[in-house]
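Asker: Keeping their order, the protein sequence lines are chains A and B. Whatever position you read off the first sequence (first residue = 1), add 57 for our numbering. Whatever position you read off the second sequence (first residue = 1), add 3 for our numbering. The C-beta atom is built at its ideal place from N, Cα and C for all residues, glycine as well. Values in this document were obtained by computation on a predicted structure and should not be read as measured data.
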Amino acid sequence: MKIALHVPCYINELFPNVAKATALLLRNLGYSLTIPKNQTCCGQPFINSGYETTLPNMYDEIFGKFDCIVSPSSSCVGTIKSQKIKISPKTYELSEFLYLQGHKNLAKNHKPVILHNSCHSMRHLDVATPSELNIPYKNKVKEVLGCEIIEASRDECCGFGGVYSIKEGEMSYIIGKEKLNDLLSGWKYYFTPVITGVDMSCLMHLKGIAEKEGINAEFKHISEILLESLDEAS
Amino acid sequence: MKHHELAVKFYKQKGPRHDKSLWAIRQKRDKAVKEVKEWEELRDKASDIKDYVIKNLQSLVDEFIKNAKNTGIEVVFAKDAKEHNETILKYLKEINAKKVVKSKSMLTEECGLNEYLQKNGIEVIDTDLGERIVQLRGEKPSHIVLPAIHTTKEDVAEILNETNTDPTYLTHKMRKLLRDEFLSADAGLSGANFLVADKGWAVVCTNEGNADLGAVLPPLHIISVGIEKIVPNLKDLGIFLRMLARNATGQKITTYTSIFGKKDNGKRVIVLVDNGRFERLKSEFNETLKCIRCSACLTTCPVFRRSGGHSYRYVIPGPIGSLLAPLTDKKEYSDLPFACTLCGSCEAVCPVKIPFTKQLVNMRRYVKKIENGELRMENFSIRLAKKAMHSPAMFKLFGIILRLTPKPLLESVAKEWSRYKALPAIPKERFIK
C-alpha cells in the first residue's frame, strides 16, 4: 500500500514536530510513506470565511497516485472530503487510518492522558460518536490509544472554530476556558496533565488559554503520544 | 450592537447559569431520544417527508385549503406579514373585539402582530407562561420553546410585584391572572405546529393547555401558520409528534396535543402565510423550510447557550435563526452566520436533518457578497492567500515572512487572538522545508 502524508499547512508552519511524529509513527509501524513536497493549504479558512474556492487541482495531482492519504488533522480531512475531489474518499484522519488498519492499544502502557474529542472528528468524520446521536458508541482514538483516558463531562465544542476565534475572540475564549476546566476537572494524578487530541487547532486554542491563565497542562497531538509509546516499547 | 458584543455582555451579566440550564435540557433530550431505539430511522423518515413537502408545497397547500374548507374552517392565504396582520384585524373588527388571548406562535412574532393589533386598539395577552413573562418585561422571546429562559425567578417576582420568589407560588399567581384574561377575551389567537393536508386539520402542541383555552372559550379562534408546516397525512404526523417534544425538552410528548377541525361554538379561521417562503423554496437555502421549530439546535449550540437569544436580534435565534435572519435583511444580520464554530451539533440534533454546517458556510458566502465593497483590505489579503493556495513557492515565502516577523508585531496583527490567548511559539524550521 502506497501512503502519502498530508501535512496541514498550519502544522507545517507551527507544529512541525507533529508532522514529524506522524511520519515516524507510520514508518515505525511498517508503512511505506511518501511525503510529497509541494503541499499548500486545503482552503478551509477561505471556505469557512465565506469565500468561494476550490481545492488546488494539484491536490489530485500530488496525491492521486497513492492508495491512501493520511493526515494528522480531522478538520482538514473534513474539508478535503466535503470538496468531493478525486482523493476525497481515500483521505483519512490519522487515528481513523490506524483503527481501520487494525492497530489497537498502541499506547496501552502510556500514563493516563486527557482526550479532547474534537467536533470535526465526531460530528464531521466518523472517528467517535457524539452524544447527540442514538447509535452504538465507539471512539476509535481511545481504542487506538488503549491507555487510561480521561474525558470532559461534555463532548461539546472547545470554542475554537477557526474563523470564529477571530470573529468572536472573547466568546471563543470564554467557551475555551470552560472547556479547559471541564477537561481538567477529572484529573486525579499528581503529575502534570497531558491533554491530547486529533486536532492540533483545538489544542493550540486551549494551550493559548492555559498559558495566558497560568494553568499547568501539557498539550500533545495523538501522534506524539503514540510515537512515545512505540519508542518505549522497542 | 452586533452579536459578539451582545453575547459578551449577556455572558458577563448572567454568568454560566443560562448555559447550565440549557445543557441540562440537552441532557434530558439525549436521554429521551435514547429511549427510542429507532430514533435515527425516525430522523431519516422525518427528513424524507419534509423533502417531499418542500418539493410538493404548492399542491399540498391547495389540498390543505380544500380539505380545511370542507371541514368548516375558513382559510385565508396571506402573501406577507402585512396581509397576515390586516386579515386578523379584519376578523377581530367584525366581532368588535377589544381583547384577545394569544398562545405561542413564532409566526405572529415574525409578522409583528402584537404591535400591530395594539396600535389598532386591541389588547393582546400572551398566555404561554414564558411569553407572558417576556411580554410583561417588554421583551421578545429569547428562545423559541423556552421564551423566558434568560430570566430568573427573581425577575418574575419583580414583574408581579411579589417578594415571594418561590416558582410554584409565582406560577399559581400567573395562572390565576391568566384565567381572568381567558374568561374575558373576545377571541383566541394561536399558531399551529402542523397542518394535516388530507384532513384539513391544524395540530397545536403545548404544555400549558393555553392554546386549548384560547381555541375553545371565545367565539372566534384564529390560527396563524406558515405554509411549510403542512404534513401530507396523519401517519406522517405521528412521526413528528413522536419527535417534537422529545427533541425539544426531553418529554415523551407535549402535555396537550390538540387537533382542531371545525369550531363547534363559533368560528375558526386559519391564516396561511407565505411571507417569503415560496421565494426561499427557490433559493439554495430551501432546506431551512424543513424546520419544525423544535428548538433543539438552539439548546445544543455552544455559542447560543452562552450568548442568549437576544444577541441574535431576530425573532428566531440560534443556528436556524442565523440561516433565516440574513434572508430577511442581509446587511443587518451579516454577523450571524459567523456567530458559530461550525461544530455541527445543530446538525446532529436536527430531527429533519437540515444540513446546518453546509448551509451556514453557504450563508457566510451569501452575506459576504454585499460586504465585498466594504472590506477591501480583507479582500486583498484573502486574494493573496488564495493565490498562495495554488503556489507552493508563495506559501514558502509566507513561512519565511512569519519567521522574520517580531513577536509584538505578530501579536498586534493577531490581536483578536492574543488579547485572550498566548500565540503559539513559532518554531525555527518548517517540517516540509
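Which residues in chain A have a C-beta closer than 8 Å to the C-beta of Pro427 (chain B)? List them in chain order.
Answerer: Taking the first residue of the second sequence as 1, we reach residue 427 (chain B) at position 424. Near Pro427 (chain B) (Cβ distances below 8 Å), the residues of chain A are Leu71, Phe72, Met261, Lys264 and Gly265.
Asker: Going straight from the alpha carbon of Leu172 (chain A) to that of Val228 (chain B), what length do you get?
Answerer: The count along the first sequence starts at 1 and reaches residue 172 (chain A) at position 115. The count along the second sequence starts at 1 and reaches residue 228 (chain B) at position 225. Each residue's alpha carbon lies about 46 Å from the other.
Asker: Have a look at Glu419 (chain B) and Gly100 (chain A) and give me their C-alpha separation to the nearest angstrom.
Answerer: On the second sequence, residue 419 (chain B) is found 416 positions in, with the first residue counted as 1. On the first sequence, residue 100 (chain A) is found 43 positions in, with the first residue counted as 1. If I take the Cα positions, the gap works out to 21 Å.
Asker: Mind the definition here: the segment 160 to 174 of chain B touches the segment 44 to 57 of chain B only if three or more C-beta pairs lie below 8 Å; say whether that holds.
Answerer: no
Asker: Please work out which residues of its chain come closer than 6 Å, Cβ to Cβ, to Val64 (chain B), disregarding the five sequence neighbours upstream and downstream, and give them in chain order.
Answerer: For the purposes of this step, residue 64 (chain B) is taken as residue 61 along the second sequence, with counting starting at 1. For Val64 (chain B), where only same-chain residues beyond five positions count, the Cβ hits under 6 Å are Ile230.
Asker: Counting only the same chain and skipping the five closest in sequence on each side, list residues whose C-beta sits under 6 Å from that of Glu112 (chain B).
Answerer: Residue 112 (chain B) sits at position 109 when you count from the first residue of the second sequence. Val318.
Asker: Under 6 Å Cβ to Cβ from Met58 (chain A), same chain only, skipping five residues before and after it: list those, please.
Answerer: Residue mapping note: residue 58 (chain A) aligns to position 1 of the first sequence, counting from 1. Excluding positions up to five away in sequence, the list reads Asp124.
Asker: Can you name the residues of chain A whose CB is closer than 8 Å to the CB of Phe398 (chain B)?
Answerer: Locating residue 398 (chain B) in the second sequence gives position 395, counting from the first residue. In chain order: Cys66, Thr97 and Cys98.
Asker: With 16 other CB atoms within 10 Å as the buried threshold, where does Lys58 (chain B) fall?
Answerer: Mapped onto the second sequence, residue 58 (chain B) falls at position 55. Classification of Lys58 (chain B): exposed, given that the 10 Å Cβ count is below 16.
Asker: For the segment 153 to 209 of chain B, which segments carrying the beta strand (DSSP E) assignment without a break, of at least 3 residues, lie completely within its bounds, in sequence order?
Answerer: 190 to 193, 197 to 199 and 204 to 209
Asker: What are the residues of the segment 121 to 134 of chain A that lie near chain B, defined by any Cβ-Cβ distance shorter than 8 Å?
Answerer: none
Asker: Could you tell me whether the Cβ of Leu190 (chain A) comes closer than 7 Å to any Cβ of chain B?
Answerer: In the first sequence, counting from the first residue as 1, residue 190 (chain A) sits at position 133. Interface residue, yes.
Asker: Could you tell me which whole beta strand (DSSP E) segments of length 3 or greater appear in the segment 270 to 300 of chain B?
Answerer: 270 to 276
Asker: Are Lys156 (chain B) and Leu198 (chain B) closer than 7 Å when you measure CB to CB?
Answerer: Mapped onto the second sequence, residue 156 (chain B) falls at position 153. Mapped onto the second sequence, residue 198 (chain B) falls at position 195. Against a cut-off of 7 Å, the Cβ pair of Leu198 (chain B) and Lys156 (chain B) comes out as no contact.
Asker: Would you call Thr408 (chain B) buried or exposed, if buried means 16 or more other Cβ atoms sit within 10 Å of its Cβ?
Answerer: Position 405 of the second sequence, counted from the start, is the residue given in the question as residue 408 (chain B). Flag for Thr408 (chain B) reads exposed.
Asker: Once DSSP output is grouped into helix, strand and coil, what is the label at Ser421 (chain B)?
Answerer: Reading the second sequence from its first residue, position 418 is the one you call residue 421 (chain B). Three-state DSSP puts Ser421 (chain B) in a helix.
Asker: Going by DSSP, name the residue or residues bridged to Val261 (chain B).
Answerer: Locating residue 261 (chain B) in the second sequence gives position 258, where the first residue counts as 1. The question names Val, but residue 261 (chain B) is Ser in the sequence shown. Bridge partners of Ser261 (chain B): B:Val207.
Asker: Interface residues of chain A around Thr303 (chain B) at Cβ under 9 Å?
Answerer: For the purposes of this step, residue 303 (chain B) is identified with residue 300 of the second sequence, where counting begins at 1. Per Cβ cutoff of 9 Å: Glu189 and Glu213.
Asker: Tell me which residues share the same chain as Asn278 (chain B) and place their Cβ nearer than 6 Å to its Cβ, disregarding the 5 neighbours each side in the sequence.
Answerer: Position 275 of the second sequence, counted from the first residue, corresponds to residue 278 (chain B). Same-chain partners within the cutoff: Asp83 and Ala84.
Asker: Would you check if the segment 178 to 193 of chain B and the segment 115 to 130 of chain B touch, i.e. whether three or more CB-CB distances between them fall below 8 Å?
Answerer: yes
Asker: Just to confirm, is the Cβ distance from Val251 (chain A) to Glu275 (chain A) under 7 Å?
Answerer: Sequence index remark: in the first sequence, residue 251 (chain A) carries index 194 (1-based). Sequence index remark: in the first sequence, residue 275 (chain A) carries index 218 (1-based). Cβ atoms of Val251 (chain A) and Glu275 (chain A): closer than 7 Å.
Asker: Just to make sure I have the definition right: I need the residues of chain A whose C-beta is within less than 9 Å of the C-beta of Ala27 (chain B). Which are they?
Answerer: As a position in the second sequence, residue 27 (chain B) is number 24, starting the count at 1. In chain order: nothing, as chain A lies at least about 11 Å away.
Asker: Please go through the same chain and pick out, in chain order, the residues whose beta-carbon is closer than 7 Å to the beta-carbon of Leu237 (chain B), but skip the five residues on each side of it.
Answerer: Against the second sequence, residue 237 (chain B) aligns to sequence position 234. These residues qualify, in order along the chain: Val199 and Lys202.
Asker: Residues of chain B with CB closer than 9 Å to the CB of Ile142 (chain A), please, in chain order.
Answerer: Position 85 of the first sequence, counting from 1, holds the residue named residue 142 (chain A). What Ile142 (chain A) touches in chain B: nothing, since even the nearest Cβ is about 13 Å away.
Asker: Where does Asn74 (chain A) sit, in a helix, a strand or coil, going by DSSP?
Answerer: For the purposes of this step, residue 74 (chain A) is taken as residue 17 along the first sequence, with counting starting at 1. Asn74 (chain A) falls in the helix class under three-state DSSP.
Asker: Against chain A, does Trp204 (chain B) count as a neighbour if the rule is that its beta carbon must be under 7 Å from one of theirs?
Answerer: Residue 204 (chain B) sits at position 201 when you count from the first residue of the second sequence. So no, Trp204 (chain B) is outside the interface.
Asker: Are the C-beta atoms of Thr253 (chain A) and some chain B residue less than 7 Å apart?
Answerer: Taking the first residue of the first sequence as 1, we reach residue 253 (chain A) at position 196. It does not: the Cβ of Thr253 (chain A) has no partner Cβ on chain B nearer than 7 Å.
Asker: What does the Cβ neighbour count give for Ser448 (chain B), buried or exposed, with the cut at 16 atoms within 10 Å?
Answerer: Outside the shown range of chain B (4 to 436) lies residue 448 (chain B), about which nothing can therefore be said.
Asker: Would you mind giving the Cβ-Cβ distance between Phe13 (chain B) and Ser314 (chain B), rounded to the nearest angstrom? I have them listed as a contact below 8 Å.
Answerer: Counted from its first residue, the second sequence places residue 13 (chain B) at position 10. Counted from its first residue, the second sequence places residue 314 (chain B) at position 311. Yes, they are in contact, since the Cβ atoms of Phe13 (chain B) and Ser314 (chain B) sit about 6 Å apart, within 8 Å.
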